[in-house]
Structure formats: C-alpha cells, structure tokens
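J.:
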Amino acid sequence: MPSSLVDGNSLLAVDIGAANTRAVLFDVVEGEYRFVVSGTAPSTAEAPHKDVSEGARQAIKSLQTILGKSLIDGTGNLITPSQPNGSGVDALVVTISAGATIKAVVVGLLKDVSIESARRLTESTYARIVETIGMNDHRKPEQQIDSILRVRPDLIVIAGGTDGGASRSIKKLLEPIGLASFLMPEEKRPAVLYAGNEKLGDEVKTLVGSLAPLLHFSPNVRPSLDTEDLEPAQRELAHMIVSIRKNQLKGVDLLDQWSGGHVLPTAYATGRMVRFLAKMNSSKKGILVVDIGASAAIISAGFKSKSTLNVYPQFGLGENLSGLLNYTSLEEILRWSPFDISSGALRDYLYQKSLYPSTIAATKEDLAMGHAAARQSLYLAMQSARRDFPRTAAAIKPNLTPLFELILAGGGALSDASRPGQSLLLLLDSIQPVGVTTVILDQNNLLPLLGAAASQNNILPVQVLESGAFLSVGTVISAVVSANYGTPILRGKLAYENGVEARVELKYGSLETLPLQSGETGKLTFQCLRGADIGFGPGRGGTIPVSGGALGVIFDGRGRPLDLPSDAVRRRELIKKWNWTIGGE
Amino acid sequence: MQAPVNHIVGLTSIVRERYLPVSGTVLVRLNQKVSPNEVIAETNWSREHILLDVARILHITPVAAERLIKCKVDDRIAAKAEIAVGGGLFPRLVTSPRDGRVVAVGGGQILLEVGESKIELRAGIPGIVIEIIPNRGAVIQTAGALVQGIWGNGRIDSGALVNLAEGPEGVLAVNRLDVSLRGSILLAGMARDAEALKAAGELPVRGLILSSLYPSLISVAREMRYPIMVTEGFGSMPMNSAAYKLLSTNAKRDVTVNAEIYDRYSGARPEAIIQLPISSDPPAPREVEEFAPGLQVRMRRPPALGMIGTIVAIPSGLTVLPSGLRAPSAEVKLENGETVIAPLVNLEVVG
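Chains as they are written, first to last, in our numbering: chain A, 1 to 585; chain B, 1 to 351.
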C-alpha cells in the first residue's frame with residue numbers, strides 16, 4: 001500500500017442518505033485527483049434490511065459494474081488496499097445522514113448566552129430540540145425530570161458557565177439530568193455532551209458519568225460572555241452522532257471498521273468544506289452552501305469572521321415532510337406552483353410523500369408539488385439560518401440575504417432537477433440572493449464527501465473542486481429595487497472575450513439571461529436605474545468581470561424580498577414565464 | 001434492484017415479536033395458545049415523580065439528612081407517611097405527599113415515583129407462543145391471511161369482519177353505521193369525516209380497516225379507542241384490489257386488527273390477520289424481492305396511485321419520466337389494461 005494518499009491512492013467515499021446510498025470513487029488521473037465514477041442504490045437503514053452496509057455494498061457494486069473492476073470481494077467485504085490486479089481501493093470515507101431525527105435536550109444557564117450557544121451547537125447536526133432547561137426555568141426539578149422522561153431524548157447537550165465562572169448553578173441543573181437518566185432503562189439513556197465551564201469536568205463525570213452510555217467533553221462553547229467557539233464542540237458532537245447511529249443502525253460499525261474510523265455526519269463534513277472554502281475566499285462577501293434532501297435542509301455559510309452550520313431535519317423532504325405544515329401553510333407552499341393545484345391535493349401529497357420518502361415524482365403535477373415544498377422548506381431554513389449569520393456580514397439591507405460570492409447547492413431536490421434552470425429558479429426563489437453571485441450545482445453531491453476525504457487527504461478536495469466535477473450554472477445578478485412591474489431597472493452590456501457584445505434590459509418582475517459558456521469569462525458593464533442596487537450602492541453602475549456557466553449570466557429583477565403577485569392566475573403565468581426564460585421548463 | 005414487499009397474502013405463516021417498552025413480567029408460557037386480546041406481559045410504569053429535599057426542609061446538611069431518612073430504595077410509601085424526622089424539642093416531620101415508591105435516596109434527597117399505572121401488553125395476534133423474551137414478552141406464531149397497511153392508530157382488537165364498503169371505492173358514511181355492526185371489524189373504505197369515525201366509536205365497533213384517511217382526521221383517528229388501520233395512505237384513495245378482494249372474501253370470519261404505528265426502522269406495520277385452520281405450516285412471506293417481469297406490484301405514487309399491476313419489462317438504464325426526471329423504471333400493466341412507466345422506487349411488490 002502506498003504510504004500516502006498524495007502518492008496516488010484511490011479513495012472511495014460512501015454517503016448513506018435517508019433515501020439513497022451513493023458510492024463515489026476518486027482517483028488520480030493525469031497526475032491530479034478526479035471524481036471518477038459514482039454508483040447509487042436505495043438506502044437500507046429501514047426495515048426489512050435494517051443494515052446500512054447492505055445499501056453501501058449495493059452502491060459499491062453498482063459503481064464497480066461501471067468501473068469494470070472489483071471493489072467488494074466474494075464474502076461481501078471491501079477490498080482494501082488496492083491490489084496488483086487492479087481490484088480494491090486504498091481508502092474509504094463515509095458520510096451519513098440516514099436515521100431518525102435525534103431528539104435533543106439543551107441545558108444551559110442564560111437564555112441568550114449559553115442556551116443560545118447550545119441551541120446553535122445542537123442545530124449543527126441532525127437533531128431536533130425537544131426540551132430546554134435553563135437557570136430561569138421555574139419548574140420544579142421533578143417536573144424537569146418528568147419532562148425529560150416524557151420526551152425520551154437521544155442526546156443531552158449541556159453548556160453554561162464561562163471558564164472559571166458559575167459552577168453552582170450548573171451543578172443544580174445537572175441533578176435532574178442525572179436523575180432522569182437513572183430512571184431510564186439502561187439501553188435508552190441519552191448520550192451527554194458537556195460543553196460548559198471546563199472546571200466542572202470532574203463533577204459532571206460524578207453526577208452523570210455513570211448514567212450516560214456516552215459522555216463526551218468539549219472545550220467550552222462560551223469561554224467568556226462575549227466569545228462563542230462552537231467548532232471544537234461541533235467536532236465532538238459529530239463523533240457522538242456517529243456513535244449514536246452505531247447503536248441505532250446496524251452496519252454503521254462495519255463501515256466504521258472498513259474506513260478506519262473515517263465516518264462523519266454528512267452535515268458536519270459539509271460544514272468542514274465551507275470553512276475551507278471560506279478560507280480560500282478573498283472576497284468580502286461570504287460563501288453559502290445549501291443542501292436540501294430527504295433527511296434535512298442544511299445551510300452552511302462561511303464569512304471572514306466566522307462560519308455557520310445549521311441543520312434542519314424539520315425541513316427535510318422525506319419522512320418529516322408532513323411536519324412542514326407546523327411551520328408554514330398550504331397557501332405559502334402553493335404560491336410557488338406553476339400549476340393550479342388544490343390545497344387538499346397538496347396536503348395529501350405531503351402526507352403521502354412522508355409515508356414513502358424514497359419515491360420520486362413521475363408526473364409533472366407531482367414534481368410541481370415536490371418543488372413547491374422544496375422551495376418553501378429551503379426558504380424557511382434560510383430564514384432561520386440567517387439569525388446566526390454574523391452581524392458584520394456584508395449586505396445591501398439588513399433584512400435581506402447577505403452578499404455571497406458563491407452559492408454551492410446540492411441535495412436530492414436539486415440533483416433530481418432534470419434541467420439546471422429548474423434548480424437555479426428553486427434556489428433564486430428560496431434563498432433570494434442579492435448582488436452578484438456565482439451559482440454552482442453539486443449534481444453528484446460531492447461536497448460532503450470531499451469534506452470527509454479531507455481528513456484522509458487534504459489535496460484531494462482542492463484538486464477535485466478545481467476539476468470541473470461541479471456544474472457551474474453561471475453568474476446571477478440580483479437587483480434590490482422597488483419599482484412597478486415592467487419598469488426598466490438595469491441595462492447591461494456583456495463583452496465577450498472574442499469582442500462580441502450582447503445587451504440586456506432588465507425590467508422589474510422579470511428574469512433575463514445572456515449566454516456565456518462554462519469556462520468563459522466576460523466583462524459586464526451595467527447601469528442601475530430607479531436606484532437599483534446590485535451591491536455597489538443604489539443606482540451605481542460599473543463594469544465587473546463575470547464567469548459563465550450552463551445558463552450564462554442571469555439577471556433577476558423580481559425584487560428582494562421576492563415580490564410575487566397576489567393574484568394566483570397572474571402569479572402562475574409569471575412562474576411559467578420565469579421557468580421558460582431560464583430553461584427550467 | 002431490490003423491492004420492498006407489502007404483504008397481502010391469502011395464507012402464510014406469521015411470526016411476531018411482542019415486547020414491553022421496559023422490563024416487566026411475562027405472563028405466558030412456551031407453546032401456550034393465546035388470543036389477540038390476551039395480556040402476555042405487564043409492568044408498572046410511572047410518569048410522575050416527586051423530589052423531596054429533606055436537607056432543605058429540615059435546614060440541615062445533606063449528610064445530616066441522610067442519617068434521618070427512614071426509607072430506602074424500593075420501599076412503598078403511603079401518603080402522609082413519615083419519611084424523616086428532624087431533631088430538637090419540637091422535631092419537624094417530613095412526610096410523603098402521595099402514595100409512591102422510593103426510587104432513589106441520596107444527597108439528603110428522596111425521589112418518589114407516584115401515579116403508577118399498569119402497562120399491559122396484549123398478544124396482538126391469535127397463535128402459539130414459540131419463544132419467551134425474558135422480562136419483556138414473547139414471540140407468537142400463527143397461520144392465516146395477512147393484509148398489511150401503512151398507518152395505524154396504535155390499538156388492537158378482534159371481531160367478525162363485516163364488509164361495509166361495497167367495493168374498493170367505498171366511503172365510510174355515518175348513515176351506514178347501525179347497531180347491528182356493534183362488536184364488528186368493518187371493512188369500510190375511505191374516511192372523509194370525523195363524525196363517521198366518532199359514530200363507529202359510539203356503537204362501538206371493534207375496528208376499522210380503511211383504504212384512506214383525510215389528513216385532517218389523523219388526530220381524531222388517534223383518539224379513537226378502537227383500532228383503525230389504513231391500507232393506502234392519506235387523502236381519498238380506493239383500496240387496492242388485492243387487499244379488498246382478500247378481505248371481502250373473508251367477511252364474517254374473525255379478524256384481528258393490530259393497528260400498530262408504522263415504524264420504518266423496526267418494520268412494525270399495522271396489519272389485519274385472519275387466522276385459518278392449517279394442516280402444515282405454510283411458508284412465511286418474503287420480506288424482499290428482486291424487481292423482475294411478472295411480479296405483481298402496487299403503485300406508491302401517481303400516476304395510478306394505489307393501483308395493482310404486473311411488471312411487463314424493466315428497460316435497462318435510466319428512463320425519462322413524464323416529470324422530466326430520469327430513473328430506473330419498469331413498464332407496468334395495470335389491472336385496467338393500461339400500461340404505464342413507473343420508477344422502480346415508486347413500486348412495492350404485493351405478496
């Protein structure tokens with residue numbers, strides 16, 4: 001076996017999703033790492049298989065059929081390292097998002113300080129907060145105990161106390177946690193992550209250590225009142241989630257063994273890539289990665305000052321889809337549909353789809369409902385995630401999405417889209433970017449796999465990112481302006497490298513495109529009318545370089561926040577027109 | 001590609017594991033014959049606790065309080081019973097506020113479990129106990145017809161099956177419910193209004209087998225004290241012809257409806273079981289099949305949602321669907337003679 005992956009080792013990455021399991025092979029081609037091939041199979045976390053490794057084997061077998069060499073031996077085990085006859089791979093990494101949403105209890109001292117940090121930490125993984133216990137909780141300890149017993153958490157996240165600060169109040173909060181764990185059957189006791197005042201480590205071990213099947217410690221998420229440091233705790237939590245999944249889902253331990261411990265939650269691996277991209281980004285604007293799939297909606301943003309990672313299982317498009325109605329209305333979802341669909345039909349769709357999360361849309365109507373639900377889910381996820389973006393993030397208006405240099409999007413709902421225009425319109429509607437942004441689609445859902453691979457090989461992600469394995473959609477210019485429908489708000493002239501020019505006049509309420517192929521660049525000279533702002537100030541024009549993509553340069557003049565007509569017939573006609581304009585339909 | 005299987009079988013061996021959520025007492029023996037409603041295991045469970053801080057009440061240190069506490073773990077304490085006495089000329093008493101059981105003593109505190117209730121685990125199916133799960137439950141085997149559903153309200157009961165649906169597209173209507181149906185399990189079609197569910201409960205019936213349920217009725221259905229099992233899903237869907245045929249031809253037989261809550265991870269599903277006399281054990285149904293021409297399948301998404309058909313061909317590679325998506329698909333000849341293209345992930349094998 002070669003001593004280092006940099007020397008040219010092949011790497012197999014497996015992603016265990018809620019609906020599908022994918023196996024992706026990265027190998028050295030002409031001296032650089034490339035995405036070579038992928039295979040997919042239905043995930044097998046659920047009955048009757050109840051073993052995620054079966055789906056992984058099927059996905060790898062599907063990949064080896066295309067590849068023409070064996071990766072799995074006759075006994076069903078992964079061949080590793082690669083053999084002289086060409087079979088096998090040198091390394092394996094695994095990401096996992098399959099499994100029921102993890103129920104979490106958050107414990108902290110003050111609502112706006114440690115509890116808020118614990119909330120942010122817990123939302124960085126596939127967990128739903130089912131109970132919060134804090135210093136200002138006026139319930140009696142026994143009521144807190146009964147509440148914990150009632151919600152039967154899988155995980156308890158404890159924060160609170162600055163380093164060297166409060167200790168007595170935390171000890172008081174630990175008592176009901178310890179007692180509730182004691183009262184649970186041993187096999188149902190929750191895992192505990194302590195991320196509070198570091199001086200209390202020993203007491204935490206004494207009070208809950210013997211009662212928690214899994215007790216992890218991380219550096220304090222709130223070392224001082226005005227400092228928050230989530231990253232080390234997120235890393236610890238990621239390892240805990242894998243351990244929890246090992247207990248819940250058969251086969252995770254086998255994959256952990258095959259990979260030599262390189263199993264990560266998909267969201268965490270995504271967050272790792274965002275931090276990496278943010279470091280590489282020289283612009284003042286941020287980097288945004290979104291992923292909308294069956295298990296969750298993930299929003300991860302990287303800014304100069306900090307990176308955020310928010311995972312929303314409640315906005316996943318799989319088994320939790322019927323629960324979307326706890327956060328929004330049927331009318332809010334239907335506003336995105338190009339077809340006249342009744343609210344009853346949509347309600348039935350949401351409930352039926354949550355019964356069979358792995359099914360896909362075979363008809364146009366079904367697809368329209370699926371995309372409407374995906375838009376609203378991603379929209380809600382984005383609204384929630386924005387709360388955690390730094391206040392210093394560059395923005396045109398504080399109530400709008402901050403300025404992003406790059407939006408990279410993946411997940412089942414987007415890689416399913418048969419045309420990039422469909423995916424782009426879904427992103428524009430739900431994220432509502434402003435200013436000038438490059439949009440890239442991760443159609444093969446490689447990003448989390450690269451995040452996982454980074455722990456084995458830090459050159460591979462860089463080379464694959466630069467290799468064209470992602471689909472560049474193009475440069476999106478979104479104007480912030482208030483005007484009447486049909487009023488010109490921007491005039492642009494795109495100068496191509498060959499000297500040819502193309503012009504566009506963007507009217508309020510419309511979308512326009514100018515072709516610019518992937519790999520090409522051009523110079524866009526623009527004039528903003530009626531005080532339109534694309535990130536250079538109201539009414540200010542200029543000349544900027546733009547890069548091409550599958551759809552070229554896309555101009556979005558539909559207003560921010562997106563201004564949809566209230567008249568349903570007119571709205572549906574406009575949506576069809578927008579779809580047509582950017583090739584979504 | 002492997003296919004999920006929805007069991008709709010005329011005669012099969014059925015083996016079900018039944019166990020308590022927490023440790024308890026198993027009440028049945030190996031090889032014992034059990035009826036669906038028979039309690040096979042039980043336990044006591046308390047959802048309420050009281051924490052008595054003796055040290056704080058007596059204004060003493062936890063160590064001092066430990067010495068004064070008179071009860072120990074597992075003691076049953078009556079309301080107002082003395083559990084600690086302070087010192088001095090006029091000693092203060094600490095008494096139990098309610099009947100309960102001591103579950104923990106330490107640090108000058110007593111944790112009492114109060115409001116205990118009994119959890120009874122019923123057999124769920126008629127059959128023979130073939131294995132005892134110590135302190136938890138038993139494995140029961142039977143043979144008969146089996147129809148699995150997709151949603152259940154968590155209740156179990158059995159009774160004679162009455163076909164009220166008149167066809168797969170039947171609708172459960174209040175005016176069809178009369179006193180002659182009391183104690184029956186009704187094959188009742190689609191449920192569209194809460195009044196019909198409530199009226200069935202007032203008779204009372206022993207259970208409902210529905211083709212579909214309006215999503216707005218889920219909370220009402222959960223409140224009903226009789227089992228409700230749904231075969232197709234939510235909305236307004238007729239029952240698939242295979243399930244309807246099997247159930248309607250078994251009308252008047254005793255049927256058990258175990259409307260278990262669907263759990264995709266454990267595989268627990270609501271089901272209706274009609275025990276049938278056998279001379280030898282029939283084969284158990286297969287849990288997984290490989291998609292292949294000739295297999296009978298049910299459509300889980302539009303078009304033809306809920307319809308039964310037969311796979312005619314499985315084209316190689318990906319097929320472009322009317323939605324524009326590309327997926328491995330099958331040509332399915334539906335029972336109405338129409339042939340449709342359906343993605344494999346939208347199909348489940350019936351059998």
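Every residue gets a Cβ at the ideal spot worked out from N, C-alpha and C, and that includes glycine.
Counting only runs of 3+ residues fully inside the segment 189 to 220 of chain B, write out the beta strand (DSSP E) ranges in chain order.
T.: List check, beta strand (DSSP E) in window: 207 to 213.
J.: Where does Ala292(B) land, buried or exposed, given buried means 16+ other C-beta within 10 angstroms?
T.: That one is exposed.
J.: Only counting the same chain, and skipping five residues up and downstream in sequence, which positions put a Cβ closer than 7 Å to that of Arg222(B)?
T.: So the qualifying residues of the chain are Asn153.
J.: Would you please state the rounded distance, in angstroms, between the beta carbons of Val93(A) and His371(A)? I believe it to be under 8 Å.
T.: Not confirmed; about 31 Å, so no contact.
J.: Starting from the beta carbon of Tyr19(B), find every residue of chain A whose beta carbon is closer than 8 Å, and list them in chain order.
T.: None at all; the shortest Cβ gap to chain A is about 12 Å.
J.: Which value, in whole angstroms, describes the spacing of the CA atoms of Gly499(A) and Glu505(A)?
T.: C-alpha separation (whole angstroms): 20 Å.
J.: So is Asn484(A) buried or exposed if we call it buried at 16+ other beta carbons inside 10 Å?
T.: By the 10 Å Cβ count, Asn484(A) comes out exposed.
J.: Would you mind stating whether Val439(A) and Leu426(A) have Cβ atoms separated by less than 8 Å?
T.: Not a contact, by the Cβ cut-off of 8 Å.
J.: Closer than 8 Å by C-beta to Ile133(B): which residues in its own chain qualify, once you throw out the five before and the five after it? Chain order, please.
T.: Correct list, in chain order: Glu17, Tyr19, Val26, Val139.
J.: Under a three-way DSSP split, which group does Tyr268(A) fall into?
T.: It is helical.
J.: Let's test the definition: count the other Cβ atoms within 10 Å of the Cβ of Trp580(A) and tell me whether it reaches 16, buried, or not, exposed.
T.: Label assigned to Trp580(A): exposed.
J.: Determine whether the beta carbon atoms of Ala19(A) and Gly412(A) lie at a separation below 8 Å.
T.: Against a cut-off of 8 Å, the Cβ pair of Gly412(A) and Ala19(A) comes out as a contact.
J.: Does DSSP put His7(B) in a helix, a strand or coil?
T.: In this structure, His7(B) counts as coil in the three-state DSSP scheme.
J.: Against Ser35(B), what residues of chain A qualify as contacts under a CB-to-CB distance less than 9 Å, listed in chain order?
T.: Result: empty, since nearest Cβ-Cβ is about 27 Å, beyond 9 Å.
J.: Quick check on the burial criterion: 16 or more other C-beta atoms within 10 angstroms. Buried or exposed for Phe526(A)?
T.: Buried, by the Cβ-count rule.
J.: In the DSSP output, what is His59(B) paired with across the bridge?
T.: DSSP output for His59(B) lists no bridge partner at all.
J.: Less than 6 Å between C-beta atoms, sequence neighbours within five positions excluded: which residues of the same chain meet that for Val6(A)?
T.: For Val6(A), the pLDDT reaches just 46, beneath the cut-off of 50, and the residue's location in the model is therefore unreliable, although a value from the coordinates is still provided. Contacts found: Ile459.
J.: Who are the neighbours of Arg345(B) on chain A, taking C-beta pairs under 7 Å?
T.: This sequence places Val at residue 345(B); Arg is not what is there. What Val345(B) touches in chain A: Pro42, Ser358, Thr359, Ile360.
J.: Run the CB neighbour count on His599(A), radius 10 Å, all protein chains shown included, and call it buried at 16 or more, exposed below.
T.: Chain A is shown from 1 up to 585; residue 599(A) falls before or after that span and cannot be answered.
J.: Along chain B, which residues have their Cβ under 7 Å away from the Cβ of Leu449(A)?
T.: Chain B residues near Leu449(A): none, gap ~22 Å exceeds 7 Å.
J.: By Cβ distance below 6 Å, which residues in the same chain neighbour Gly492(A) in space, the five residues on each side in sequence not counted?
T.: Hits under 6 Å: Val504, Leu524, Phe526.
J.: Which residues of the segment 380 to 407 of chain A have a Cβ closer than 8 Å to any Cβ of chain B? Give them in chain order.
T.: Against chain B - using a Cβ distance shorter than 8 Å - the segment 380 to 407 of chain A contributes no residues.
J.: Going by beta carbon distance, what residues of the same chain come within less than 6 Å of Ala3(B), once the five residues before and after it are set aside?
T.: The answer, listed in chain order, is Glu289, Phe291, Val349.
J.: Using a beta-carbon distance below 8 Å, is Pro420(A) in contact with chain B?
T.: No, its Cβ sits nowhere closer than 8 Å to a Cβ of chain B.
J.: Could you name the residues of the segment 329 to 348 of chain A whose beta carbon sits closer than 9 Å to any beta carbon of chain B, in the order they occur along the chain?
T.: Listed in sequence order: Gly344, Ala345, Arg347, Asp348.
J.: Quick check for students: name the residue ranges of the beta strand (DSSP E) that lie wholly in the segment 162 to 231 of chain A, counting only runs of 3 or more.
T.: List check, beta strand (DSSP E) in window: 191 to 194, 215 to 217.
J.: Rounded to whole angstroms, what's the CA-CA distance from Ile79(A) to Gly159(B)? Just pull it up for me.
T.: Whole-angstrom Cα-Cα distance: 56 Å.
J.: Where does Gly309(B) fall in DSSP's three states?
T.: Strand.
J.: Looking only at DSSP bridge pairs, what is Ser300(A) linked to?
T.: DSSP lists Val289(A), Leu309(A) as partners of Ser300(A).
J.: So Leu511(A) is in the beta strand (DSSP E); what residue range does that whole segment cover?
T.: Residues 511 to 514.
J.: If contacts are defined as beta-carbon pairs under 8 Å, then Gly410(A) and Leu447(A) qualify, I think. What distance do you get, rounded to the angstrom?
T.: So it is a contact: roughly 6 Å between Cβ atoms.
J.: When you check each C-beta in the segment 529 to 541 of chain A against every C-beta of chain B, which residues fall closer than 7 Å?
T.: Against chain B - using a Cβ distance shorter than 7 Å - the segment 529 to 541 of chain A contributes no residues.
J.: Per DSSP, which one or two residues make a beta bridge with Ser158(B)?
T.: Answer is Thr256(B), bridged to Ser158(B).
J.: Where do the N-terminal and C-terminal ends of the alpha helix (DSSP H) with Leu63(A) fall, by residue?
T.: Where Leu63(A) is concerned, the enclosing alpha helix (DSSP H) stretches over 52 to 67.
J.: In terms of DSSP beta bridges, what is Glu132(B) paired with?
T.: One detail in the question is off: residue 132(B) reads as Ile in this sequence, not Glu. Its beta-bridge partners are Ala138(B).
J.: I'd like to know if the segment 231 to 251 of chain A and the segment 428 to 437 of chain A are in contact, where contact means that at least 3 CB-CB pairs between them fall below 8 Å.
T.: Touching, no.
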